[in-house]
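Q: Here it is, the structure, as structure tokens.
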Amino acid sequence: MSTSRRKALKIVSALPLVGGMLGPSLLKAKVVEETVLKPATRDFFKELGLRTFINAAGTYTSMTGSLMHKEVTDAISYGATEYVNLDELHDKVGERIAALLDCEYATVTSGAFGAMTLGLAGIMCGMDEKKVAQLPDTTGLKNEVIVQKKHAIGYTHALINTGAKIVEVETAQELERAINKKTAMLWFLNANTEQGEVKWEEFIALGKKHNVPTFIDCAADVPPVENLFKFTKMGFDLVCFSGGKGIRGPQSAGLLLGKREYIEAARLHTPPRGTTIGRGMKVNKEEVLGMMVALELYLARDHKKEWELWERQIKLISDSALSVKGVKTEIHVPLHANHVPSLYIRWDENEVGITTDEMRKRLRDGHPSIETVGNKEQVGITTWMMEPGQERIVAQRVKEVLENT
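Residue numbers (the numbering used here): 40 to 444.
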């Protein structure tokens with residue numbers, strides 16, 4: 040027992056009862072005890088020897104995504120105080136999210152990656168629990184997923200997790216020829232929309248023509264808020280979003296939206312069921328509630344005002360960088376994925392004697408630490424994951440580093 044605790048208990052035990060109840064002095068002593076025994080707020084990251092940083096990079100998983108609003112963390116804390124039936128909670132929250140987003144059905148998943156695995160598993164197995172337990176053995180099941188070659192990035196591993204095979208195509212003609220009796224699904228990566236030859240409407244049309252479900256991965260495609268409604272209404276059978284990026288829900292959560300029949304089938308692969316490929320993709324009550332509240336908050340946000348704030352913040356940093364001779368900047372907005380005002384900073388190394396890697400290291404190693412993105416040609420900065428006021432710190436530090444080379 041700690042010295043503080045012994046001292047507090049000694050104070051309490053020495054005080055009398057009044058009529059068998061706590062007297063005024065003892066009530067005061069209880070306050071003393073609670074004050075003495077209340078643990079100080081722990082700085083866990085400092086305790087572990089970890090540095091926190093200003094996020095001028097974006098919603099990267101390696102940088103732990105986004106920060107949740109207090110209402111979200113309150114919902115998570117509330118969820119930790121009671122027991123509830125997990126399936127019933129998923130049912131109720133799924134219905135509420137579907138109502139909010141005007142789609143057939145929805146469920147909270149373990150990120151967009153988990154949504155991809157579960158969504159495809161639901162399509163492959165339907166409501167047949169024997170098939171559910173069979174995966175990743177796909178014997179007797181449709182097990183091919185057609186993907187445009189330009190969309191076939193590492194995240195397709197979420198599809199391979201089911202035991203499925205990826206079939207890559209480049210044109211609409213190749214896509215149509217690739218469809219056969221083993222085709223389970225057509226998968227589209229929204230971030231690479233401009234790179235693929237087959238666009239949204241044609242992709243959906245080909246799926247409908249051959250009665251093959253279509254799935255679009257929109258992990259990083261909020262904002263704009265309209266995307267939460269756009270793709271289900273367009274006709275994609277399943278759509279997924281990351282929960283811990285622009286929506287600012289739990290980083291380990293995501294959303295799977297779309298056709299009820301596929302999402303109800305996908306749920307058969309999730310906990311509490313144990314003999315499935317989705318057992319490890321557990322989303323407990325705290326994350327489910329946190330994701331629901333984060334979505335409610337995001338839909339209620341003043342998106343125009345928020346956008347204007349980001350534009351002002353980016354311009355402030357851009358102007359600060361431009362005040363250094365030899366520096367050039369470009370303010371841009373990615374067309375798909377991470378669709379927010381962003382900044383590229385470039386310079387002539389003959390005038391500014393530092394490389395982009397050196398600049399990023401100095402920002403990271405400085406006080407406070409600032410994380411950015413970049414390559415050998417430029418340093419990239421966004422402000423949408425910053426706390427208000429941090430843009431001024433970043434603007435000052437960017438100028439200092441570029442000037443003092």
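Even for Gly, the Cβ is constructed at its ideal location relative to N, Cα and C.
All figures in this text were calculated on a predicted structure; none of them were measured in a lab.
Rounded to whole angstroms, what is the Cα-Cα separation between Phe152 and Glu390?
A: For the purposes of this step, residue 152 is taken as the residue at position 113 of the sequence shown. For the purposes of this step, residue 390 is taken as the residue at position 351 of the sequence shown. In a straight line, the C-alpha of Phe152 is about 44 Å away from that of Glu390.
Q: Distance, Cα to Cα, Val327 vs Lys343?
A: Position 288 of the sequence shown, counted from the first residue, corresponds to residue 327. Position 304 of the sequence shown, counted from the first residue, corresponds to residue 343. Cα-Cα distance, rounded: 28 Å.
Q: Hey, Leu159 and Thr201 are a contact pair by Cβ (cut 8 Å); roughly how many whole angstroms apart?
A: Taking the sequence shown and counting its residues from 1, the one referred to as residue 159 is at position 120. Taking the sequence shown and counting its residues from 1, the one referred to as residue 201 is at position 162. Sure, about 5 Å apart at Cβ, within 8 Å.
Q: To the nearest whole angstrom, what separates the beta carbons of Lys321 and Leu128, a pair I think is in contact under 8 Å?
A: In the sequence shown, residue 321 corresponds to position 282, counting from 1. In the sequence shown, residue 128 corresponds to position 89, counting from 1. Contact doesn't hold; Cβ gap of about 13 Å is too wide.
Q: Thinking C-alpha only, which one of Met163, Glu86, Glu442 and Glu345 is nearest Ile302?
A: Looking up residue 302 in the sequence shown gives position 263. Among Met163, Glu86, Glu442 and Glu345, the Cα nearest to that of Ile302 is on Met163.
Q: Any idea which residues DSSP pairs Asp176 with across the strands?
A: Locating residue 176 in the sequence shown gives position 137, where the first residue counts as 1. Asp176 is not bridged to any residue.
Q: Let me know if Pro252 comes out buried or exposed under the rule of 16 or more other beta-carbons within 10 Å of its beta-carbon.
A: Indexing the sequence shown from 1 puts residue 252 at position 213. So Pro252 ends up on the buried side.
Q: Going by the DSSP bridge assignment, what does Leu295 pair with across the sheet?
A: Here residue 295 is taken as the residue at index 256 of the sequence shown, counted from 1. DSSP, once it has assigned bridges, lists Thr146 and Cys279 as partnering Leu295.
Q: What are the boundary residues of the beta strand (DSSP E) that includes Gly419?
A: Indexing the sequence shown from 1 puts residue 419 at position 380. That run of the beta strand (DSSP E) goes Val418 to Thr421.
Q: Can you check DSSP and say which residues form a bridge with Trp386?
A: For this step, residue 386 is matched to residue 347 along the sequence shown. Beta-bridge pairing links Trp386 to Val366.
Q: Between the Cα of Gly282 and those of Ala95, Tyr99 and Leu374, spot the shortest distance and give me the residue it belongs to.
A: Working through the sequence shown from its first residue, we reach residue 282 at position 243. Answer by Cα proximity: Tyr99.
Q: According to DSSP, is Met166 part of a helix, a strand, or is it coil?
A: What you label residue 166 is simply residue 127 of the sequence shown in a count that begins at 1. If DSSP states are grouped into helix, strand and coil, Met166 belongs with coil.
Q: With respect to the alpha helix (DSSP H) encompassing Gln352, which residues constitute its N-terminal and C-terminal limits?
A: For the purposes of this step, residue 352 is identified with residue 313 of the sequence shown, where counting begins at 1. Where Gln352 is concerned, the enclosing alpha helix (DSSP H) stretches over His342 to Leu361.
Q: Taking three-plus beta-carbon pairs below 8 Å as touching, is the segment 121 to 135 in contact with the segment 259 to 269?
A: They do not touch, by the three-pair rule.
Q: Looking at the secondary structure, which residues open and close the alpha helix (DSSP H) in which Phe83 lies?
A: Translated into positions along the sequence shown, residue 83 becomes position 44. Element bounds for Phe83: Phe83 to Glu86.
Q: Check each candidate in Leu87, Gln212 and Lys438 and name the one with the smallest Cα separation from Ala244.
A: Start at 1 with the first residue of the sequence shown, and residue 244 comes out as number 205. Selected option, being the one with the closest Cα: Gln212.
Q: Curious, which full-length alpha helix (DSSP H) runs of at least 4 residues does the segment 166 to 241 contain?
A: 168 to 173, 196 to 199 and 211 to 217, all fully within the segment 166 to 241.
Q: Would you tell me roughly how many angstroms separate the C-alpha atoms of Thr148 and Leu180, rounded to the nearest one?
A: Position 109 of the sequence shown holds residue 148. Position 141 of the sequence shown holds residue 180. Between Thr148 and Leu180, the C-alpha separation is close to 24 Å.
Q: State the Cα-Cα distance for the pair His446 and Lys367, rounded to the nearest angstrom.
A: Outside the shown range of the chain, which is 40 to 444, sits residue 446, and nothing can be said about it.
Q: Am I right that Asn182 and Ala223 are in contact with their C-beta atoms under 8 Å? What's the rounded C-beta distance?
A: By 1-based counting over the sequence shown, the position of residue 182 is 143. By 1-based counting over the sequence shown, the position of residue 223 is 184. The Cβ separation is near 6 Å, so the contact holds.
Q: In the structure shown, what three-state DSSP assignment does Ile115 receive?
A: Indexing the sequence shown from 1 puts residue 115 at position 76. Helix at Ile115.
Q: Between the alpha carbons of Glu265 and Tyr337, how many angstroms are there, rounded?
A: Here the question's residue 265 lines up with position 226 in the sequence shown. Here the question's residue 337 lines up with position 298 in the sequence shown. Answer to the nearest angstrom: the Cα atoms are 11 Å apart.
Q: So which of Ala114, Val171 and Arg135 has the shortest CA-CA distance to His308?
A: Within the sequence shown, numbered from 1, the residue matching residue 308 stands at position 269. Measuring from the Cα of His308, the nearest candidate turns out to be Val171.
Q: Can you find the residues in the same chain that come closer than 8 Å, C-beta to C-beta, to Val372, ignoring five residues on each side of it along the sequence?
A: For the purposes of this step, residue 372 is identified with residue 333 of the sequence shown, where counting begins at 1. The answer, listed in chain order, is His378, Val379, Pro380 and Ser381.
Q: Which of the three DSSP states, helix, strand or coil, is assigned to Asp130?
A: Indexing the sequence shown from 1 puts residue 130 at position 91. Three-state DSSP puts Asp130 in a helix.
Q: For Phe254, does the count of other Cβ atoms within 10 angstroms reach 16, so buried, or fall short, so exposed?
A: Along the sequence shown, one-based indexing puts residue 254 at 215. Flag for Phe254 reads buried.
Q: In whole angstroms, give me the CA-to-CA distance for Ala95 and Thr422.
A: Start at 1 with the first residue of the sequence shown, and residue 95 comes out as number 56. Start at 1 with the first residue of the sequence shown, and residue 422 comes out as number 383. Answer to the nearest angstrom: the Cα atoms are 6 Å apart.
Q: On the DSSP letters alone, give me the boundaries of the alpha helix (DSSP H) that Phe92 sits inside.
A: Reading the sequence shown from its first residue, position 53 is the one you call residue 92. Phe92 -> no alpha helix (DSSP H), and no H or E assigned at all.
Q: Helix, strand or coil for Asp404, going by three-state DSSP, please let me know.
A: If you number the sequence shown from 1, residue 404 lands on position 365. Asp404 falls in the helix class under three-state DSSP.
Q: Who are the Cβ neighbours of Glu369 in its own chain at under 6 Å, not counting the five residues just before and after it?
A: Position 330 of the sequence shown, counted from the first residue, corresponds to residue 369. Closer than 6 Å at Cβ, skipping near neighbours: Tyr383.
Q: Just checking my contact of Arg431 with Leu355 at CB under 8 Å: how many whole Å lie between their CB atoms?
A: Residue mapping note: residue 431 aligns to position 392 of the sequence shown, counting from 1. Residue mapping note: residue 355 aligns to position 316 of the sequence shown, counting from 1. Confirmed, about 7 Å.
Q: Tell me, please, which residues DSSP counts as bridged to Glu410.
A: As a first step, residue 410 is located in the sequence shown; it is residue number 371 there, counting from the start. According to DSSP, which records beta bridges pairwise, Glu410 is partnered with Asn94.
Q: Look up Val70 in the DSSP assignment and say whether it is helix, strand or coil.
A: Position 31 of the sequence shown, counted from the first residue, corresponds to residue 70. Unreliable placement is indicated for Val70, whose pLDDT of 49 sits below 50; no coordinate value is reported for it.
Q: To the nearest angstrom, how far is it from the Cα of Lys247 to the Cα of Thr112?
A: For this step, residue 247 is matched to residue 208 along the sequence shown. For this step, residue 112 is matched to residue 73 along the sequence shown. Rounded to the nearest angstrom, the two C-alpha atoms are 41 Å apart.
Q: Would you kindly work out how many angstroms separate the C-alpha atoms of Val363 and Ala434, rounded to a whole number?
A: For this step, residue 363 is matched to residue 324 along the sequence shown. For this step, residue 434 is matched to residue 395 along the sequence shown. Distance between the alpha carbons of Val363 and Ala434 is about 12 Å.
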